[in-house]
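J.: In the UniProt record's numbering, the protein residues as written are 1 to 200.
Cβ coordinates follow ideal geometry from the N, Cα and C atoms, glycine included.
Since the model is a prediction, treat every value here as computed from it, not as a measurement.
Before I ask anything, here is the structure I am working with.
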Amino acid sequence: MLTVAVLISGTGSNLRALLDAAAEPEFPARVVVVGADREAEGFAHAEEYGIPTFMVPFAQFASREEWGAELGAQLDVWRPDLVVLSGLMRLLPADLVDAWSPRIINTHPAYLPEFPGAHGVRDALAADVAQTGASVIIVDNGVDSGPILAQERVPVLPGDDEHALHERIKPVERRLLIDVVRRVATGDLDLAAVSASAQL
Ligand code: GAR
């Protein structure tokens, strides 16, 4: 059984979908802990499932490196097989990424490498594109620049605002994330191999 830690900042709707999937007896992964950089609304989903939570408030640390060291220490307590960034709206320091990559993945509401960063949905709307998408990637030391594990297009519809478009992207993200976690757990997807071939 693959053990998973999920890190969030917000509502955690994608976390919720992963928790629901992992509650199915045949799903080959379990969420063992949920962490956040703030008092995240999404903690409620973990609590509903009786899953432990931890918070490492970014604002209470003198630097990103010190914050990341504490986040890493919390992860070390749980020693998950995989870390999922599911709406964690912070860049991780290089030390932490180096310690976990390629066993650390991120969901992103755009068709990477298009529209990386904190405002993937807003940026796609501003660029007036006909379609954007959702991606799941391995985290590396760039901004949403790691190897792509899964992605799918989502059309931009007339009248879309940021909220409407994001709400249409999220179900696609959830499906991709659950599928990636399942494939990592079954061994169908080898993160180390994907990462190594991306570095060739
Ligand atoms: C998701 O769309 C996730 O991809 C995005 O935040 C949302 C979190 O939603 N992450 C990023 O934009 C990271 N660059 P949720 O809290 O409802 O799951």
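Is the closest heavy atom of the ligand GAR to the C-beta of residue 132 under 6 Å?
T.: Position 132 of the sequence shown, counting from 1, holds the residue named residue 132. No.
J.: For residue 135, name the three-state secondary structure that DSSP assigns.
T.: For the purposes of this step, residue 135 is taken as residue 135 along the sequence shown, with counting starting at 1. The three-state reading of DSSP puts residue 135 in strand, counting E and B together.
J.: With distance defined between alpha-carbon atoms, name the residue in 137, 152 and 31 nearest to residue 146.
T.: For the purposes of this step, residue 146 is taken as the residue at position 146 of the sequence shown. Nearest of 137, 152 and 31 to residue 146, Cα basis: 137.
J.: Nearest by alpha-carbon distance to residue 196: which of 14, 38, 163 and 148 is it?
T.: In the sequence shown, counting from the first residue as 1, residue 196 sits at position 196. When only C-alpha atoms are compared, the closest one is 148.
J.: Mind checking who residue 187 pairs with in its DSSP beta bridge?
T.: Position 187 of the sequence shown, counted from the first residue, corresponds to residue 187. Beta-bridge pairing links residue 187 to no other residue.
J.: With three or more C-beta pairs closer than 8 Å as the rule, is the segment 161 to 181 touching the segment 79 to 88?
T.: With a cut-off of 8 Å on Cβ pairs, the segment 79 to 88 is in contact with the segment 161 to 181, counting three or more such pairs.
J.: When every heavy atom of the ligand GAR is checked, does at least one fall within less than 6 Å of the C-beta of residue 45?
T.: Numbered from its first residue, the sequence shown carries residue 45 at position 45. No; taking the cut-off as 6 Å, the Cβ of residue 45 has no heavy atom of the ligand GAR nearer than that.
J.: Let me know the secondary structure DSSP gives residue 124 once reduced to three states.
T.: Here residue 124 refers to the residue found at position 124 of the sequence shown. Reduced to three states, the DSSP call for residue 124 is helix.
J.: Consider the C-beta atom of residue 11 and the heavy atoms of the ligand GAR; say whether any pair is separated by less than 6 Å.
T.: For this step, residue 11 is matched to residue 11 along the sequence shown. Because some heavy atom of the ligand GAR lies under 6 Å away, the Cβ of residue 11 counts as near it: yes.
J.: Under the three-state reduction of DSSP, which class applies to residue 92: helix, strand or coil?
T.: Residue 92 sits at position 92 when you count from the first residue of the sequence shown. Looking at residue 92 - three-state DSSP - the assignment turns out to be coil, as it is neither helix nor strand.
J.: Pick helix, strand or coil for residue 106, following the three-state DSSP scheme.
T.: Reading the sequence shown from its first residue, position 106 is the one you call residue 106. Residue state, collapsed to three classes: strand.
J.: Quick check on the DSSP output: the alpha helix (DSSP H) that includes residue 85 runs from which residue to which?
T.: Taking the sequence shown and counting its residues from 1, one reaches residue 85 at position 85. Taken as a continuous stretch (DSSP letters only), residue 85 belongs to no alpha helix (DSSP H), being part of the beta strand (DSSP E) at 82 to 85.
J.: Taking 7 Å as the cut-off, decide whether the C-beta atoms of residue 40 and residue 9 are in contact.
T.: Residue 40 sits at position 40 when you count from the first residue of the sequence shown. Residue 9 sits at position 9 when you count from the first residue of the sequence shown. In this structure, residue 9 lies closer than 7 Å to residue 40 by Cβ.
J.: Taking only the alpha-carbon atoms, compute the straight-line gap between residue 60 and residue 117 and give it to the nearest angstrom.
T.: Taking the first residue of the sequence shown as 1, we reach residue 60 at position 60. Taking the first residue of the sequence shown as 1, we reach residue 117 at position 117. Looking at the two C-alpha atoms, the distance is approximately 23 Å.
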